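In what follows, a single structure is set out as structure tokens and then discussed.
2 protein chains.
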Amino acid sequence: MNQPPGSLPVYLQIVELLVRDIAANRLIDGEKLPPEREMAAEMGIAVGTLRKALAELQSRGLLERVQGSGNYVRAISDPQSVYAMFRLELIGGGGLPTAEVLDIERLAKPSGLPDFGSSAEAHRIRRIRRLSGKPAALEEIWLDGSYVEAIDTNDLSESLYLYYRKRLGLWIVRAEDQVGLGKVPEWAPPVFGQPKGAPVPLVTRASQAQDGARAEVSLTWFDPEIARYVARLR
Amino acid sequence: MNQPPGSLPVYLQIVELLVRDIAANRLIDGEKLPPEREMAAEMGIAVGTLRKALAELQSRGLLERVQGSGNYVRAISDPQSVYAMFRLELIGGGGLPTAEVLDIERLAKPSGLPDFGSSAEAHRIRRIRRLSGKPAALEEIWLDGSYVEAIDTNDLSESLYLYYRKRLGLWIVRAEDQVGLGKVPEWAPPVFGQPKGAPVPLVTRASQAQDGARAEVSLTWFDPEIARYVARLR
DNA sequence: AGGAATTTGTGCGTATGTATC
DNA sequence: AGATACATACGCACAAATTCC
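Those protein sequences? They're chains F and D, same order as listed. Note that our numbering gives residue 222 to position 219 of the first sequence, counting from 1, and the numbers run on in steps of one. Note that our numbering gives residue 42 to position 39 of the second sequence, counting from 1, and the numbers run on in steps of one.
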């Protein structure tokens with residue numbers, strides 16, 4: 004199975020294939036997959052390639068692999084659980100999450116957010132988060148304006164919290180999460196997999212700094228398909 | 004490099020080797036590793052084996068791998084950040100975390116914990132959490148006694164929250180975390196890498212169920228070395 | 001109880017693709 | 001454009017865990 008240049012690697016194609024099968028309930032929870040060699044032969048690919056795909060699924064929590072026994076689907080079929088159990092950071096389960104800053108603006112605090120900080124203004128940081136290159140969530144972080152006058156995009160290249168600590172002397176010791184449903188925001192870039200206005204899981208977080216002040220508030224909209232993978236961890 | 008039976012797989016040995024080098028600052032942040040073929044030849048192993056080790060380091064956030072360029076160390080050298088930035092769930096970044104139940108007992112609620120639930124008793128679940136087989140954290144979860152009379156160890160084999168949802172009709176929609184320092188508990192099994200009484204990062208979490216009630220309180224003690232790897236995520 | 005068959009895990013070597021320098 | 005370096009893919013051999021008879 005050779006591929007035209009520019010297309011997805013074979014092992015990722017297999018991942019997508021199986022993910023769709025699981026999402027569509029063609030592969031149900033607990034189901035045992037055929038032996039790897041058999042599957043590979045059927046798909047016309049090498050065992051090693053299939054194994055790489057299966058390893059990826061395992062890291063997403065969709066599959067349990069037992070030496071000497073087999074590969075078993077582990078997915079929560081009840082879609083309700085998606086909204087109940089996932090947590091923001093658990094998204095790390097699918098690989099190292101990356102954060103790409105879309106834009107930063109200093110604005111008057113909008114109404115509707117929980118109270119935070121002492122300033123009337125705040126920095127709005129919009130980021131797109133990816134898992135293995137695939138857009139997984141959109142983030143809007145509101146950092147109180149009293150900590151710094153302006154934020155440059157380059158400052159955040161590494162890690163937001165690293166920037167907080169190193170540049171602002173600020174770190175988060177407490178956080179409160181609220182899980183719910185939200186609508187895909189207007190400003191969502193076209194890469195995000197959901198149409199604008201569609202309902203998706205939303206986490207609202209109020210973060211408290213080491214001095215006791217509420218320093219920031221963040222909103223995170225998840226691609227529901229991603230949120231599902233995340234759901235079964237823990 | 005063949006190995007005596009019972010020893011760690013070669014690729015994990017390499018992981019441990021490099022992790023120690025990074026932790027000890029023999030490999031510093033930003034440093035570029037030699038080419039893979041060269042490293043593999045020097046170590047007397049196959050390139051594929053080395054690559055598996057490097058991929059593991061990448062998934063832990065310790066390494067950045069750039070096609071066509073090289074492998075670069077990415078580690079936070081400042082140990083302070085350990086206590087400032089890690090979060091419980093981020094531990095998922097190093098692979099699928101596993102949870103092994105040590106024991107479960109129904110006890111009178113101890114003082115000193117946040118108020119939760121309606122019963123005077125609670126189930127105390129003690130777990131050890133591992134990353135890639137290595138003990139990473141100890142957990143003590145106190146689930147209010149009103150939800151169920153008794154909990155069997157086998158019930159929790161899969162996932163604690165799966166048990167909550169499937170058996171108890173209970174799920175967590177909100178959680179409040181408190182980050183601080185704690186002492187390694189007396190009951191820590193010998194596998195936990197810190198001497199008893201030593202100060203380690205501690206997360207205290209109060210979890211709120213879908214009906215608004217505080218259903219459980221949990222304490223998590225982290226191996227500080229693990230917490231360090233976790234720190235740079237996000 | 002025990003051994004054979006099955007199935008996944010590890011490790012090696014090689015060829016080719018693709019991004020970077 | 002060429003050289004370098006990582007990414008993908010293939011196939012094979014053996015180890016280790018599980019399952020089955």
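Where a beta carbon is used, it is the ideal one built from N, C-alpha and C, also for glycine. Note that the coordinates shown come from a computational prediction; the quantities given were computed from them, not determined experimentally.
Item                                                                                                                                                                                            : Value
Can you find the residues in the same chain that come closer than 6 Å, C-beta to C-beta, to Glu-59 of chain D, ignoring five residues on each side of it along the sequence?                    : Val-18
Going by other Cβ atoms of all chains shown within 10 Å of its Cβ, with 16 needed for buried, is Gly-120 of chain F buried or exposed?                                                          : buried
Kindly give me the distance between the Cβ atoms of Trp-145 of chain F and Leu-173 of chain F, rounded to whole angstroms, as I take these residues to be in contact under 8 Å.                 : The pair is not a contact, with the Cβ atoms about 14 Å apart (cut-off 8 Å).
Taking the Cβ atom as the reference point for each residue, do Val-203 of chain D and Trp-224 of chain D lie within a distance shorter than 7 Å?                                                : yes
Which term fits Val-13 of chain D, buried or exposed, when burial requires 16 or more other beta carbons within 10 angstroms of its beta carbon?                                                : buried
So, helix, strand or coil for Glu-124 of chain F, using DSSP?                                                                                                                                   : strand
Could you give the first and the last residue of the continuous beta strand (DSSP E) run that contains Arg-217 of chain F?                                                                      : 217-225
DSSP state of Ile-131 of chain D, grouped into three classes?                                                                                                                                   : strand
Leaving out five residues before and five after Tyr-75 of chain F in sequence, what residues of the same chain have Cβ atoms less than 6 Å from its Cβ?                                         : Lys-35, Glu-67
What's the gap between the Cα of Asp-24 of chain D and the Cα of Asp-32 of chain D?                                                                                                             : 11 Å
Are the CB atoms of Val-220 of chain D and Ala-209 of chain D nearer to each other than 7 Å?                                                                                                    : yes
Is DSSP giving Gly-196 of chain D helix, strand or coil here?                                                                                                                                   : coil
So, is Asp-155 of chain F buried or exposed, given that buried needs 16 or more other C-beta atoms within 10 angstroms?                                                                         : exposed
Are the CB atoms of Arg-127 of chain D and Glu-108 of chain D nearer to each other than 7 Å?                                                                                                    : yes
Go through its chain and collect everything with a Cβ distance to Tyr-166 of chain D's Cβ below 6 Å, but skip five positions before and after it.                                               : Asp-158, Leu-159
In this structure, how does DSSP classify Gly-51 of chain D when only helix, strand and coil are distinguished?                                                                                 : helix
Would you call the CB atoms of Asp-226 of chain D and Gly-196 of chain D closer than 7 Å?                                                                                                       : yes
Within its chain, find whatever has a CB closer than 7 Å to the CB of Arg-54 of chain F; leave out the 5 residues flanking it on each side and keep chain order.                                : Glu-39
Please report the distance separating the alpha-carbon of Val-22 of chain D from that of Gly-51 of chain F.                                                                                     : 27 Å
Going by the beta-carbon positions, is the gap between Tyr-150 of chain D and Leu-171 of chain D smaller than 7 Å?                                                                              : yes
Which residue comes first and which comes last in the alpha helix (DSSP H) that contains Arg-29 of chain D?                                                                                     : Here Arg-29 of chain D belongs to no alpha helix (DSSP H), and DSSP marks it neither H nor E.
Going by CA-CA distance only, name the one from D:Val-69, D:Leu-65, D:Leu-20, D:Ala-139 that's closest to Met-46 of chain D.                                                                    : D:Leu-20
Less than 7 Å between the beta carbons of Asp-147 of chain D and Ala-218 of chain D, yes or no?                                                                                                 : yes
Let's test the definition: count the other Cβ atoms within 10 Å of the Cβ of Ala-139 of chain F and tell me whether it reaches 16, buried, or not, exposed.                                     : buried
Thinking just about the alpha-carbon of each residue, which of D:Gly-71, D:Gln-70, D:Gln-61 is nearest to the one in Arg-77 of chain D?                                                         : D:Gln-61
Return the first residue and the last residue of the alpha helix (DSSP H) that Glu-45 of chain D is part of.                                                                                    : 39-46
Tell me Arg-68 of chain F's beta-bridge partners as DSSP assigns them.                                                                                                                          : F:Asn-74
With 16 as the cutoff for other CB atoms within 10 Å, does Leu-57 of chain D come out buried or exposed?                                                                                        : buried
Roughly how many whole angstroms lie between the Cα atoms of Leu-15 of chain F and Pro-37 of chain D?                                                                                           : 28 Å
Please classify Val-22 of chain F: does DSSP put it in a helix, a strand, or coil?                                                                                                              : helix
Pull up the distance between the alpha-carbon of Leu-222 of chain D and that of Arg-132 of chain F, whole angstroms please.                                                                     : 29 Å
What does DSSP give as the partner residue(s) for Lys-112 of chain D in the beta ladder?                                                                                                        : Paired residue(s): none; Lys-112 of chain D is not in a bridge.
Kindly list the residues whose CB is nearer than 7 Å to the CB of Gly-200 of chain F, restricted to its own chain and excluding five residues on each side of it in sequence; keep chain order. : Lys-186, Val-187
Which one of D:Leu-141, D:Ala-123, D:Ala-216 has the shortest CA to CA distance from Thr-207 of chain D?                                                                                        : D:Leu-141
Based on DSSP bridge pairs, tell me the residues matched to Trp-145 of chain F.                                                                                                                 : F:Arg-127, F:Val-220
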